[in-house]
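Beneath this line is the structure, given in structure tokens, with notes to follow.
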Amino acid sequence: MTHSLWRSLSTHGILILGTIFMGAPVWIAFMSSTHPADTLIRDGMQYWFGGHLLETYNEVLFVEGGVMKKVTASRMLYNSMILGVGFAVGKVIVSMSAAYAIVYFRFRLATPLFWVIFMTLLLPLEVRIVPSYGVVANLGLLDTHFGLIVPLIASATGTFYFRQYFKSVPEELLEAARLDNAGPVRFLIDILVPLSKTMIAAILIIMFVVGWNQYLWPLLMTTQEENYTIVIGIKQIYQVLSEGGELPQFQKAFALTVLATLPPVAVVLVFQNWFVKGLVESEK
Amino acid sequence: MKRVQFERSVVPYLFVAPQILIIAIFFLLPAGQAIYQSFLLEDAFGISSQFVWFRNYEDTILNYEWLGSAGFTIIFSAVVTFLSLAIALLLAVRANEVLHGSNSYKTLLMWAYAVAAPVAGLMGNLMFNPFVGDLYKGMNALGWDFNHKLDAFDASFVVILIAVWKQVSVNFIFFLSGLQGIPKSVLEAATLDCRSPTRRFWSITFPLLAPTTFFLMVINITYAFFETFGIIDTTTRGSPGGATMTLVYKVYTDGFLGADLGGSSAQSVILMIMVLILTVFQFRFIERKVHY
Amino acid sequence: MKLKQHVIALATLALVGGSASTSFAATDIQWWHGMGGRLGEVVNEIADKYNASQSDYNLIPTYKGGYEDTMTAGIAAFRAKNAPEIIQVFDAGAATIINAKGAVYPVADLLAKYGKGFNIEDYISGVRYFYADSDDKMIGLPFNASTPLLYYNKIAFEKAGVEPPETWEELEAIAPKLKEAGYVALAQSHSPWIFAENFHSRHNLQMATANNGYDSTDTKILYNNKHMIAHWTKLKEWLDKGWYGYYGRAWGDNQDAFVQGKVAMWLGSSGSFGGLQKSAEKMKEEGKEFAFGTSYLPYWKSIIAEPKSTFIGGAALFSFAGHSDEEYKGVANFFEFLTSPEQQYFWHKETGYVPVTNKAYDLAKSDGYYKTTPDAEVGILQLNQPGAEWTKGYRLGYYVQIREVMYKEFEKILTDDSSVGDAFVTMEKESNALLSRFHDTYN
Numbered sequence: 029m030t031h032s033l034w035r036s037l038s039t040h041g042i043l044i045l046g047t048i049f050m051g052a053p054v055w056i057a058f059m060s061s062t063h064p065a066d067t068l069i070r071d072g073m074q075y076w077f078g079g080h081l082l083e084t085y086n087e088v089l090f091v092e093g094g095v096m097k098k099v100t101a102s103r104m105l106y107n108s109m110i111l112g113v114g115f116a117v118g119k120v121i122v123s124m125s126a127a128y129a130i131v132y133f134r135f136r137l138a139t140p141l142f143w144v145i146f147m148t149l150l151l152p153l154e155v156r157i158v159p160s161y162g163v164v165a166n167l168g169l170l171d172t173h174f175g176l177i178v179p180l181i182a183s184a185t186g187t188f189y190f191r192q193y194f195k196s197v198p199e200e201l202l203e204a205a206r207l208d209n210a211g212p213v214r215f216l217i218d219i220l221v222p223l224s225k226t227m228i229a230a231i232l233i234i235m236f237v238v239g240w241n242q243y244l245w246p247l248l249m250t251t252q253e254e255n256y257t258i259v260i261g262i263k264q265i266y267q268v269l270s271e272g273g274e275l276p277q278f279q280k281a282f283a284l285t286v287l288a289t290l291p292p293v294a295v296v297l298v299f300q301n302w303f304v305k306g307l308v309e310s311e312k
Numbered sequence: 527m528k529r530v531q532f533e534r535s536v537v538p539y540l541f542v543a544p545q546i547l548i549i550a551i552f553f554l555l556p557a558g559q560a561i562y563q564s565f566l567l568e569d570a571f572g573i574s575s576q577f578v579w580f581r582n583y584e585d586t587i588l589n590y591e592w593l594g595s596a597g598f599t600i601i602f603s604a605v606v607t608f609l610s611l612a613i614a615l616l617l618a619v620r621a622n623e624v625l626h627g628s629n630s631y632k633t634l635l636m637w638a639y640a641v642a643a644p645v646a647g648l649m650g651n652l653m654f655n656p657f658v659g660d661l662y663k664g665m666n667a668l669g670w671d672f673n674h675k676l677d678a679f680d681a682s683f684v685v686i687l688i689a690v691w692k693q694v695s696v697n698f699i700f701f702l703s704g705l706q707g708i709p710k711s712v713l714e715a716a717t718l719d720c721r722s723p724t725r726r727f728w729s730i731t732f733p734l735l736a737p738t739t740f741f742l743m744v745i746n747i748t749y750a751f752f753e754t755f756g757i758i759d760t761t762t763r764g765s766p767g768g769a770t771m772t773l774v775y776k777v778y779t780d781g782f783l784g785a786d787l788g789g790s791s792a793q794s795v796i797l798m799i800m801v802l803i804l805t806v807f808q809f810r811f812i813e814r815k816v817h818y
Numbered sequence: 006m007k008l009k010q011h012v013i014a015l016a017t018l019a020l021v022g023g024s025a026s027t028s029f030a031a032t033d034i035q036w037w038h039g040m041g042g043r044l045g046e047v048v049n050e051i052a053d054k055y056n057a058s059q060s061d062y063n064l065i066p067t068y069k070g071g072y073e074d075t076m077t078a079g080i081a082a083f084r085a086k087n088a089p090e091i092i093q094v095f096d097a098g099a100a101t102i103i104n105a106k107g108a109v110y111p112v113a114d115l116l117a118k119y120g121k122g123f124n125i126e127d128y129i130s131g132v133r134y135f136y137a138d139s140d141d142k143m144i145g146l147p148f149n150a151s152t153p154l155l156y157y158n159k160i161a162f163e164k165a166g167v168e169p170p171e172t173w174e175e176l177e178a179i180a181p182k183l184k185e186a187g188y189v190a191l192a193q194s195h196s197p198w199i200f201a202e203n204f205h206s207r208h209n210l211q212m213a214t215a216n217n218g219y220d221s222t223d224t225k226i227l228y229n230n231k232h233m234i235a236h237w238t239k240l241k242e243w244l245d246k247g248w249y250g251y252y253g254r255a256w257g258d259n260q261d262a263f264v265q266g267k268v269a270m271w272l273g274s275s276g277s278f279g280g281l282q283k284s285a286e287k288m289k290e291e292g293k294e295f296a297f298g299t300s301y302l303p304y305w306k307s308i309i310a311e312p313k314s315t316f317i318g319g320a321a322l323f324s325f326a327g328h329s330d331e332e333y334k335g336v337a338n339f340f341e342f343l344t345s346p347e348q349q350y351f352w353h354k355e356t357g358y359v360p361v362t363n364k365a366y367d368l369a370k371s372d373g374y375y376k377t378t379p380d381a382e383v384g385i386l387q388l389n390q391p392g393a394e395w396t397k398g399y400r401l402g403y404y405v406q407i408r409e410v411m412y413k414e415f416e417k418i419l420t421d422d423s424s425v426g427d428a429f430v431t432m433e434k435e436s437n438a439l440l441s442r443f444h445d446t447y448n
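These protein sequence lines are chains A, B and C, in that order. Per the working numbering, the first sequence runs over residues 29 to 312. Per the working numbering, the second sequence runs over residues 527 to 818. Per the working numbering, the third sequence runs over residues 6 to 448.
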């Protein structure tokens, strides 16, 4: 296809503008985080390195900050990591098992259970947030990793992804397995799982990002600073930074946003192809 | 189509049990409680409670604050959806045309999906901060008397801008993938018939992208309704004067900050109904469009 | 003989071992609070001092988030039958917790039964009644009590050649001079608290029916009155003239405007002066100058000749019902520690909150604290100004939501989105709807 020069130029122009629009905030946040506090207050945001990189990040990561001065960014990153990984792994295991049951078994309650699972797609957590908090509080699960991760697995998105995928697996495989007298567990472990490796990887990556970025739920049910994830910690700490009666430490706020963004963005970029594949395929 | 399946009595239940158990405890139970509590007028501590039928719903819907939030939520969703889709479509179409380096553009444009809404909100907030934010100063320098703390339009502007920024990448990924899925033969045939790329786009490409577009519309609306909580909580928190309060943010403020469980439950139930309608709409409409 | 020795040895061991184990079994007292930052540090210091001073009880303070979050956590815990012994509840939440019959153990009763007794006269008059019931029985123990004060930039005032105003009329007179000197005259950090609630108290105006809400939950708000309308009309005028600056709803943004020298006067809390001092020190390090003074909350001479006292904001400590005698003894023991003159003086010096007992106030005076830091006394002096019928505070339900309505309407006035009259009519309607809903909850 031929394109006029004008078209080509305008295309690159638009794309470059788009890239700047998307990348600028993160770039600025990163650059500003490398400057000391008074530079930021005096001169505003910065667009280039400031020489305070190590100092700022060292303080943020290792010096106790926060409201009760008990939590560091490294602790919060740790909490986020547990949430992200725990959620991703938990979701994959639970939803894959459920999808396996629904697709590969004929049993009495199959259809009603399928609809129950389907129903959860209709109501995101935000809609039932207050009673969910009540349920978790009554179970004594506030401020626990279990209480943080498990309620998030209640939505059936993962089950649906795997269901779609399993349905696309050729039937002959199962027939062959049955001929070999392989039981359901055998079939799952020896044949289906290895076959689904790419799908599993893609879902793990997407769910890691989703888990890491959770906001409302962790906000409600972690009440102790040591349990903050980095995504909610930045908000709480920002409040302290701007109301602490000291000079606002904007460079730390910027540093925290960079730290909160780095892992999920890195994961998405490194595993880009799997991520895109998983996202697009699973929605079909 | 009859599937080949295992016939077992216990094993399937074991496999499906974890999901069902979690759903029962952390979905059905809270959802049921929300519905039940929406019919009660209860003090925060649960000491005195009475059944009041639809009073909470009346108080909620006839309340001009709720109506204001509903209005804002709808307008906000519409604007954010339209802008994110339009910008993403433009970028995807152009990226698709680039012969060399399209993968680089793709990489450069798709990662913002991984930024959490509150983080995007905080970055935006800092950029609009009167002391440090260049965007704030820039706006004022351009002659726009910008003050998002006081002016409802300015505050909405900030929130919409951040919401769109974050959502463009997701739409971009889907649009690009959709575009790349259009068979080259179709496009080549179109080039023979139609010289102008713009016309080609609107008469051939865009209709072919319809299923993707519809699907994305639902995703975007859901995003604008719910996930933007993180953005609002780190920027305007509903001010000035409730102008940037979305419905889900109101559920949070009333239930969590104001300790009005009956009122907040009624609002949750209404939100549930809205989402249900949206999902039904999605399934009816999209399923139809996809199967041709 | 050997056997006897063995028996004696064993018996001694049992006695020593036994008493050792009882002395290690200190009762845990959970204290949930919303004090962040520097305040949270001081809370921890007080808890450490208390725990070091005795070994029967182990006080464990936990920061649960801001005031609303702490209250929500307390509510959830109470419902799950797992409430802490002590919880800090703020002024806007007082109605919710006090009206919940049987949720809390009134502090007056608790100290009378498990402590050394209780006498409300021990407490300074300005703090006595906010957290008391209509029979004047104190339910919550005022903990961090503050009141709105005027802070002014000494450098700005020198430049403009003016004195801190005692009345709003005086402020109008000096505002143009401050504007000439390059300052916005006034900013404030909490419009409902300062420009509504304490406005009524200062001018001895009734805030709500049923004795400001104390007598019954069947109450209506009385904000829609000519004095408030006049005041807010003036405020809008001042905004348009550049004499008043509104930097958003957040407390810190308005305080920052004052510290950064944009604004010459700032209405904050008596507890703010600690933070302001720190800012001043920091700025000196940076080579910038910032010197401030403290003065009383201004009033309109046209409304009242002699201004009355304001009342306290902040929060109080409540003890949840459903605990054991041993735990209540611990709570009483801690409350007595907390309200001792030495601890009150410490809390007062470190945070700027006012000491709640007369003895503590006397201690501070005799220690010469106010000679070195006269700013610190202004809050108490204002609280000790003559009280009157309507200076006790208020008891209104769903007050968090009511304050939301107030913020909204006030902002609409400032942005020209509503006339002053309309805003107050809406405020009244919405507030009364909320109040009637609250009332129905208990009947």
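Where is the CB? At the ideal position from N, CA and C, for every residue including glycine.
Closest to L820 of chain B by CA distance: which of A:V163, A:A52, A:A288, A:K195 is it? This structure cannot speak to residue 820 of chain B, because chain B is shown only from 527 to 818.
Count the C-beta pairs between the region 101 to 109 of chain A and the region 242 to 258 of chain A that are closer than 8 Å, then say yes if the count reaches three, no if not. Counting C-beta pairs with one atom in each stretch, the region 101 to 109 of chain A and the region 242 to 258 of chain A have three or more that are closer than 8 Å, which means they touch.
Chain C within 7 Å of A785 of chain B, Cβ atoms only: Closer than 7 Å: yes.
Tell me, please, whether the region 187 to 204 of chain C touches the region 257 to 271 of chain C by the rule of three or more beta-carbon pairs shorter than 8 Å. Yes, the region 187 to 204 of chain C touches the region 257 to 271 of chain C.
Taking any Cβ of chain A, which residues in the region 85 to 113 of chain C have a Cβ under 8 Å from it, in chain order? Taking 8 Å as the Cβ-Cβ cut-off against chain A, the residues of the region 85 to 113 of chain C that qualify are A85, N87.
At least one CB of chain A closer than 7 Å to the CB of Y631 of chain B: is that the case? Taking CB atoms only, Y631 of chain B has a neighbour in chain A less than 7 Å away.
V109 of chain C and F323 of chain C: beta carbons closer than 7 Å? Yes, these two residues count as a Cβ contact at 7 Å.
In chain B, what lies closer than 7 Å to R156 of chain A by C-beta? Here the neighbours are P556, A557, A560, S794.
I'd like to know whether the C-beta atoms of T607 of chain B and N746 of chain B end up nearer to each other than 7 Å. Contact flag set, yes.
By the 7 Å beta-carbon criterion, what residues does the region 174 to 203 of chain A contribute toward chain B? If the cut-off is 7 Å between Cβ atoms, the region 174 to 203 of chain A has V178, P179, I181, A182, T187, E199, L202, E203 near chain B.
Enclosing beta strand (DSSP E) for Y251 of chain C [first to last residue]: Per DSSP, Y251 of chain C belongs to no beta strand (DSSP E) and is neither H nor E.
Please tell me whether T257 of chain A has its Cβ less than 7 Å away from any Cβ of chain C. Against chain C, the CB of T257 of chain A has no partner CB under 7 Å away; the residue lies outside that interface.
Of all Cβ atoms in chain A, is any one closer than 7 Å to the Cβ of D660 of chain B? Yes - at least one Cβ of chain A is within 7 Å of the one on D660 of chain B.
Counting Cβ pairs closer than 8 Å, one from the region 138 to 151 of chain C and one from the region 112 to 122 of chain C, do we hit at least three? Between the region 138 to 151 of chain C and the region 112 to 122 of chain C, the count of C-beta pairs closer than 8 Å reaches three or more; the two stretches touch.
Rounded C-alpha distance that separates F752 of chain B from T431 of chain C: Computed Cα separation, rounded: 29 Å.
Indicate whether the contact test is met: 3 or more Cβ pairs, each with one atom in the region 764 to 774 of chain B and one in the region 400 to 413 of chain C, closer than 8 Å. The region 764 to 774 of chain B, when compared against the region 400 to 413 of chain C, does touch it at the 8 Å Cβ threshold.
Of the residues that make up the region 116 to 130 of chain A, which ones have a beta carbon closer than 8 Å to any beta carbon in chain B? Per Cβ criterion, the list reads I121, V122, S123, S125, A126, Y128, A129, I130.
I'd like to know whether the C-beta of K69 of chain C is nearer than 7 Å to at least one C-beta of chain A. So yes, K69 of chain C belongs to the interface.
Are the C-beta of G280 of chain C and some C-beta of chain B separated by less than 7 Å? Output row for G280 of chain C: interface = no.
Grouping DSSP H, G and I as helix and E and B as strand, with all else coil, what is M143 of chain C? If DSSP states are grouped into helix, strand and coil, M143 of chain C belongs with the strands.
Taking the beta carbon of Y75 of chain A as the centre, do at least 16 other beta carbons fall within 10 Å, making it buried, or is it exposed? Around the beta-carbon of Y75 of chain A, fewer than 16 other beta-carbon atoms lie within 10 Å, marking it exposed.
Residues that P766 of chain B contacts on chain A, provided the C-beta gap is smaller than 8 Å: Here the premise fails: no neighbours, minimum Cβ distance about 18 Å.
Helix or strand or just coil, what does DSSP make of E291 of chain C? Three-state result, E291 of chain C: coil.
Name the chain A residues whose beta carbon is nearer than 7 Å to that of A81 of chain C? The answer, in chain order, is Y161, G162, A165.
Taking the straight line between their C-alpha atoms, what separation do you get for K142 of chain C and A99 of chain C? In a straight line, the C-alpha of K142 of chain C is about 14 Å away from that of A99 of chain C.
So Y829 of chain B and Q693 of chain B are in contact, right, with Cβ under 8 Å, and what is the actual spacing, rounded? Only positions 527 to 818 of chain B appear in this structure, which leaves residue 829 of chain B out of reach.
Cβ-Cβ separation, V158 of chain A to S794 of chain B (assumed contact under 8 Å), whole Å: Cβ atoms of S794 of chain B and V158 of chain A come within 8 Å of each other, at about 7 Å.
By the three-class DSSP mapping on this structure, what secondary structure does H38 of chain C have? Here H38 of chain C sits in strand by DSSP.
Given this structure, state the Cα-to-Cα distance separating I686 of chain B from I262 of chain A, to the nearest angstrom. Distance between the alpha carbons of I686 of chain B and I262 of chain A is about 21 Å.
Short CB-CB distance (under 7 Å) between L232 of chain A and chain B: Not an interface residue.
Are at least three pairs of beta-carbons, each pair with one atom in the region 201 to 209 of chain C and one in the region 303 to 317 of chain C, less than 8 Å apart? Between the region 201 to 209 of chain C and the region 303 to 317 of chain C, the count of Cβ pairs shorter than 8 Å is three or higher; the stretches touch.
Report yes or no: do the region 562 to 578 of chain B and the region 175 to 185 of chain A share at least 3 C-beta pairs separated by less than 8 Å? Fewer than three pairs of CB atoms, one per stretch, sit closer than 8 Å, so the region 562 to 578 of chain B makes no contact with the region 175 to 185 of chain A.
For a test of your reading of the model: does the CB of V410 of chain C fall under 6 Å from any non-hydrogen atom of the ligand PLP? Yes or no. The model on display carries no ligand, and the ligand PLP is accordingly not part of it.
Residues in its own chain within less than 8 Å of K305 of chain A by CB, not counting five upstream and five downstream? Contacts found: T226, A230.
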